[in-house]
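Protein chains in written order, with this note's numbering: chain A, 1 to 182; chain B, 1 to 93.
Okay, here's the thing in structure tokens:
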């Protein structure tokens, strides 16, 4: 199941890379986000999946489309073959894969991730916070101020992007859209 | 057994939607592919929830459906007006 979703993810990524029409690329990125969110859900991370769907499939798509409205809908063809970037990406990917060899197996009860925040959180959550999901309890209550800070950062970033997009639209009237350039 | 068949069908449909989003040719093919893919993700979440015996992720599927709906409306507005601006206000200014 996971392998199937990952295959679809890879296919989408390759399709995005080969796409020259930017509108189609944005659509495919939305699909990529949905796939990624489904995959994270399979890995039992519903909070991350929720964020991925809201940010990746929702806000990113809209921001990318707003950017397309301000710029152009077609990517330029690269002028010369890019051997060096390919080599850099390959080496970095190989290093990352090598790094995963040291990681504990998925769901290993002996892993630091399963032991480090005191397992007593799992026992106390129901009594302290009265909600069944431990991750939500830690994010929303035990680390509430941390989450508040993160939300403020994201909110500020969103306002900044909106101000940038609006400001440049006032100076330049919107271009006509309607037909796909791909 | 039935759930497994449904799961396989959903995955195949996802692949088909992916192909349609990649090939196009019109902008509406791609938008519809994106919309359908979102719907299939909701179904996938529901089916997986029942296969693993934990239907509590259904809430997540509902949120995905809402995000998908709003996203498609935004994309359609963009493809019609080339912009997210309110068309009435644009005319007035």
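C-beta atoms are modelled at their ideal positions from N, C-alpha and C, and glycine is treated no differently.
Just so you know, these numbers come straight off a predicted model, no measurement behind them.
Distance CB(residue i)-CB(residue j) smaller than 8 angstroms
| i | j | result |
| --- | --- | --- |
| residue 58 of chain A | residue 38 of chain B | no |
| residue 29 of chain A | residue 61 of chain A | yes |
| residue 64 of chain A | residue 26 of chain A | yes |
| residue 33 of chain A | residue 52 of chain A | yes |
| residue 243 of chain A | residue 35 of chain A | For residue 243 of chain A there is no data in the structure shown, the boundaries of chain A being 1 and 182. |
| residue 165 of chain A | residue 70 of chain A | yes |
Whole-angstrom distance between residue j and residue i, CA atom to CA atom
| i | j | result |
| --- | --- | --- |
| residue 7 of chain A | residue 26 of chain B | 26 angstroms |
| residue 24 of chain A | residue 28 of chain B | 10 angstroms |
| residue 101 of chain A | residue 111 of chain A | 14 angstroms |
| residue 21 of chain B | residue 61 of chain B | 22 angstroms |
| residue 142 of chain A | residue 79 of chain B | 44 angstroms |
| residue 81 of chain B | residue 159 of chain A | 23 angstroms |
| residue 14 of chain A | residue 97 of chain A | 19 angstroms |
| residue 150 of chain A | residue 162 of chain A | 18 angstroms |
| residue 10 of chain A | residue 49 of chain B | 24 angstroms |
Neighbourhood of residue i by C-beta distance below 8 angstroms, restricted to the same chain and skipping five residues each side
| i | result |
| --- | --- |
| residue 65 of chain B | 38, 39 and 42 |
| residue 91 of chain B | For residue 91 of chain B, the predicted model reports a pLDDT of 49, less than 50, meaning its position is unreliable; a value from the coordinates is still stated below. The answer is none, since no qualifying residue turns up. |
| residue 134 of chain A | 121, 122 and 125 |
| residue 84 of chain A | none |
| residue 45 of chain B | 57, 58, 60, 61 and 64 |
| residue 113 of chain A | 104 |
Nearest residue (CA-CA) to residue i, options the options
| i | options | result |
| --- | --- | --- |
| residue 54 of chain A | A:162, A:79 and A:31 | A:31 |
| residue 33 of chain B | B:80, B:68 and B:3 | B:68 |
| residue 75 of chain B | A:68, A:99 and A:150 | A:68 |
| residue 3 of chain A | B:73, B:11, B:63 and B:1 | B:11 |
| residue 107 of chain A | A:12, A:45, A:1 and A:19 | A:45 |
Nearest-angstrom beta carbon gap, residue j and residue i [assumed within contact, 8 angstroms]
| i | j | result |
| --- | --- | --- |
| residue 47 of chain B | residue 6 of chain B | 5 angstroms |
| residue 21 of chain A | residue 73 of chain A | 7 angstroms |
Sequence-distant residues of its chain with Cβ nearer than 6 angstroms to residue i (five each side left out)
| i | result |
| --- | --- |
| residue 49 of chain A | 37, 40 and 41 |
| residue 36 of chain B | 17 |
| residue 131 of chain A | 137 |
| residue 56 of chain A | 33 |
Other residues of its chain near residue i: CB distance less than 7 angstroms, five sequence neighbours each side excluded
| i | result |
| --- | --- |
| residue 140 of chain A | 147 |
Neighbour flag for residue i against chain C, beta carbons, 8 angstroms
| i | result |
| --- | --- |
| residue 62 of chain A | Among the chains of the structure shown, chain C does not appear; the protein chains present are A and B. |
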